[in-house]
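This note's numbering puts the first residue of the sequence shown at 25, with every later residue one more than the last.
Heads up, the beta-carbon is just placed ideally off N, CA and C, and yes, glycines get one too.
Quick caveat, the model's predicted, so the values are computed rather than measured.
Working notes, structure below.
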Amino acid sequence: MSEGSLAGSKASPSDASLVVTGVADGALVIAHPRGQAPTDLTLHIDGAFHGPLTSFVEAVAGGAGLKSLNQISDAEFERTMPWALEAPSDAVVAGVGFSTKWNLDNGNAAYVHHLRTEGVEEQRLLYRDPVEGDRLTVRPGEVYTFGAFFGLHRSDARMVVTFLDAEGRVLAHAEAAPTEERRGGARLSSYAMAQNQIAAPAAARWATVAVHVQGKASQGRTDGLLLLARPWFGQAGRKTGDRWRKVTLPPEAVAKMRSMDRTAVRSRYALPSTLYDGQPRRIEVRDAKDRSVLGAPFVLELSDPAVGVIEGLAGWSVVGWARPAPGSDDILDVRLAIDGHLTGAVRADQRNGRAKGHGYRLPIPPTFLDGLVHRLSLMSARTGRVLAETVEFLPVSATGFDKLQRYGAVPRIWQSPAARQRYEAMQAALRAIETTPPEDRPAALERLAQISRAHDILVTGFDMV
């Protein structure tokens, strides 16, 4: 969800097998059973009905969207502690935020504190999902990756993933243990990372995720401490960095995705262009019975993905192309600003050699037809964001220079479309003359004058110079 910021919240869920999984490429992504893309969904923005959702890409494969998604709820330990000691005792306690010194600045770290280590067996800190509990539904044959960041104080620790069949029998397990001892603290870099992966056996139905920790006495200290940060578990995917991304889907939505993953696909539904203004919006999707779809409502904040190019001047107009997003076939309204002053808006729906059907022609107001240099800004009329900028010598008349040459009075040299290039060439020549030896400068200046006069003749003709 590289294009939106989502913050899930609880709602009255629909009992249909639908889950809003996020936003991608300017579309709302909804997981559903294969061949059953819903067509009766409605969109509500900031509590107000907006209109029906229309699907423009109905998927045929791909699963529910669990690839690279961390299935551990609240992995930052910001709201809950969904981990518990399997066998609590008066010798070992677990919680979040051991102390200010031994807690993350960005998020929190859980801890397992051995108040004493002598005579205390290895402890098992078990992940308990808010929806499914100790056992998470898995997909046979799928590769799962898992791991965490560990801070170790007189403790040994490892994360263990165990696969179970439908009868609860153990089929396979894998471990991830840190290979170095780091103490943890306020920065994630002070923790030791451990990770591993394993393929779910063909008969696998569930998986358990646990951290095994053993305290050990050392240097006269009888207690032990484990700090646990950013645990993750999920299907391996190409986007390996996503495992550290904060999961904003509610646990109910992730649990539904797990249960329907074998037969699920994801379809994309067009979002209104007005959402791309960088402002937070509360989005809700409702089904035919006016029930909120799982994964919604959520807060969506989208930046403007529009792209545009100023190709130059054509007569007394600025020309180029613009799109609402890279590769989009939709039409974008654009506006021209000259030296910061807004002018009219047009639709970028004209012919263009580089972006067919997305060209624009923005007329220059007569007040700016003065033959002087001006800053041109192409802006999205929807959001006001500047898409492209350049500096140009603007024409002195709405009549093209070639027409002035042919039918009008004596045209000025600076009216020529080549005036900008001529000015830049003259500036470069003058800078070069500055480094010319004094005795050679008169000859260099004479050559420059001859070139300038030749250009005048080329532009206006012999009879008009």
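Counting only the same chain and skipping the five closest in sequence on each side, list residues whose C-beta sits under 6 angstroms from that of Ala-115. So the qualifying residues of the chain are Leu-139, Arg-140 and Val-144.
How is Val-415 classed by DSSP in three states: helix, strand or coil? In this structure, DSSP gives Val-415 an extended state, which the three-state scheme calls strand.
Of the residues Gly-209, Tyr-384, Asp-189 and Arg-182, the one placed nearest Thr-203, counting alpha carbons only: Taking only the C-alpha atoms, the option nearest Thr-203 is Arg-182.
Cutoff 6 angstroms; reference Ala-201; Cβ partners in own chain excluding five residues on either side: Excluding positions up to five away in sequence, the list reads Arg-182 and Ala-218.
Taking C-alpha atoms, which residue in Leu-366, Arg-305 and Pro-275 lies nearest to Arg-103? Checking every option, the nearest Cα to that of Arg-103 belongs to Pro-275.
I'd like to check one pair, Ala-379 with Ala-405: are the Cβ atoms closer than 9 angstroms? Their beta carbons are not under 9 angstroms apart, which means Ala-405 does not touch Ala-379 by this criterion.
Roughly how many whole angstroms lie between the Cα atoms of Phe-174 and Ala-312? Distance between the alpha carbons of Phe-174 and Ala-312 is about 47 angstroms.
Just the C-alpha distance for Leu-360 and Gly-383, rounded to the nearest angstrom, thanks. Cα to Cα, the separation comes out at about 14 angstroms.
Ser-352 CB to nearest chain D CB: under 9 angstroms? The question asks about chain D, but that chain is absent: this structure has only one protein chain.
Looking only at its chain, what residues have a beta carbon closer than 7 angstroms to the beta carbon of Val-342, apart from the 5 residues adjacent to it on each side? Non-local beta-carbon contacts of Val-342 in its own chain, meaning distances under 7 angstroms to residues more than five positions away in sequence, involve Ile-334, Leu-360, Leu-386, Ile-388 and Leu-400 in chain order.
Only counting the same chain, and skipping five residues up and downstream in sequence, which positions put a Cβ closer than 7 angstroms to that of Asp-158? Cβ within range, chain order: Leu-150, Arg-152 and Thr-232.
Hey, Trp-107 and Leu-251 are a contact pair by Cβ (cut 8 angstroms); roughly how many whole angstroms apart? At roughly 13 angstroms, the Cβ-Cβ gap does not stay under 8 angstroms, so Trp-107 and Leu-251 are not in contact.
Indicate the three-state DSSP secondary structure (helix, strand or coil) for Ile-355 in the structure shown. Three-state result, Ile-355: coil.
On the DSSP letters alone, give me the boundaries of the alpha helix (DSSP H) that Ser-283 sits inside. Taken as a continuous stretch (DSSP letters only), the alpha helix (DSSP H) holding Ser-283 covers 275-284.
Taking all protein chains shown into account, decide if Ser-97 is buried (16 or more other Cβ within 10 angstroms of its Cβ) or exposed. By the 10 Å Cβ count, Ser-97 comes out buried.
Please confirm whether Val-237 and Asp-180 have their CB atoms less than 9 angstroms apart. Taking 9 angstroms as the Cβ cut-off, Val-237 and Asp-180 qualify as a contacting pair.
Is Arg-148 closer than 9 angstroms to Gly-239 when the C-beta atoms are compared? Pairing Gly-239 with Arg-148 gives a Cβ-Cβ distance that is not under 9 angstroms.
Cβ neighbour criterion (16 or more within 10 Å) applied to Leu-273: Result: buried.
The beta strand (DSSP E) spanning Val-185 covers which residue range? Val-185 -> beta strand (DSSP E) spans 179-188.
Leaving aside the five residues before and after Val-44 along the sequence, list all residues of the same chain whose C-beta is less than 6 angstroms from its C-beta, in chain order. Counting only Cβ-Cβ distances below 6 angstroms, and skipping sequence neighbours, we find Ile-54, Val-309, Val-317, Gly-319 and Ala-320.
Under 7 angstroms Cβ to Cβ from Asp-363, same chain only, skipping five residues before and after it: list those, please. Closer than 7 angstroms at Cβ, skipping near neighbours: His-398 and Arg-399.
Span of the beta strand (DSSP E) around Glu-335: Taken as a continuous stretch (DSSP letters only), the beta strand (DSSP E) holding Glu-335 covers 331-338.
If we call anything under 9 angstroms between Cβ atoms a contact, is Ala-61 one with Glu-156? Ala-61 places its beta carbon 9 angstroms or farther from that of Glu-156.
Just the C-alpha distance for Asn-220 and Thr-414, rounded to the nearest angstrom, thanks. The alpha-carbon atoms of Asn-220 and Thr-414 are separated by roughly 52 angstroms.
Nonlocal neighbours in the same chain, by C-beta distance under 7 angstroms from Leu-128, ignoring five residues either side: Here the set comprises Ala-210, Leu-212 and Ala-253.
Could you give the C-beta distance for Arg-305 and Asp-70, rounded to a whole number, given that I count them as a contact under 8 angstroms? Yes, they are in contact, since the Cβ atoms of Arg-305 and Asp-70 sit about 6 angstroms apart, within 8 angstroms.
Nearest by alpha-carbon distance to Pro-390: which of Thr-186, Glu-458, His-365 and Val-420 is it? Selection Thr-186, Glu-458, His-365 and Val-420 evaluated against Pro-390 yields Val-420 as nearest (Cα-Cα).
Under 9 angstroms between C-beta atoms of Val-185 and Phe-257: With respect to Phe-257, Val-185 sits close: the two C-beta atoms are nearer than 9 angstroms.
With DSSP run on the structure shown, which of helix, strand or coil describes Phe-170? For Phe-170, the three-state secondary structure derived from DSSP is strand.
Could you pull out every residue in the same chain whose Cβ sits closer than 6 angstroms to the Cβ of Glu-142, ignoring the five residues on either side in sequence? Annotation for Glu-142: no residue places its beta carbon closer than 6 angstroms to its own, counting only its chain and skipping 5 residues before and after.
6 angstroms CB neighbourhood of Pro-225 in its chain, flanking five on each side removed: If we look at Pro-225 and ignore the five residues flanking it on each side, its Cβ neighbours are Phe-187, Leu-195 and Ala-196.
From Glu-100 to Gly-119, what distance separates their C-alpha atoms? Whole-angstrom Cα-Cα distance: 13 angstroms.
Under DSSP, the beta strand (DSSP E) around Val-271 begins and ends at which residues? First-last for Val-271: undefined, no H or E at that position.
What are the boundary residues of the beta strand (DSSP E) that includes Pro-348? Element bounds for Pro-348: n/a, residue is neither H nor E.
Assuming His-56 is part of the beta strand (DSSP E), what are its boundary residues? First-last of the beta strand (DSSP E) with His-56: 51-57.
Distance CB(Leu-490)-CB(Leu-52) smaller than 9 angstroms: In the structure as shown, the chain starts at 25 and stops at 489, and residue 490 therefore has no counterpart that could be examined.
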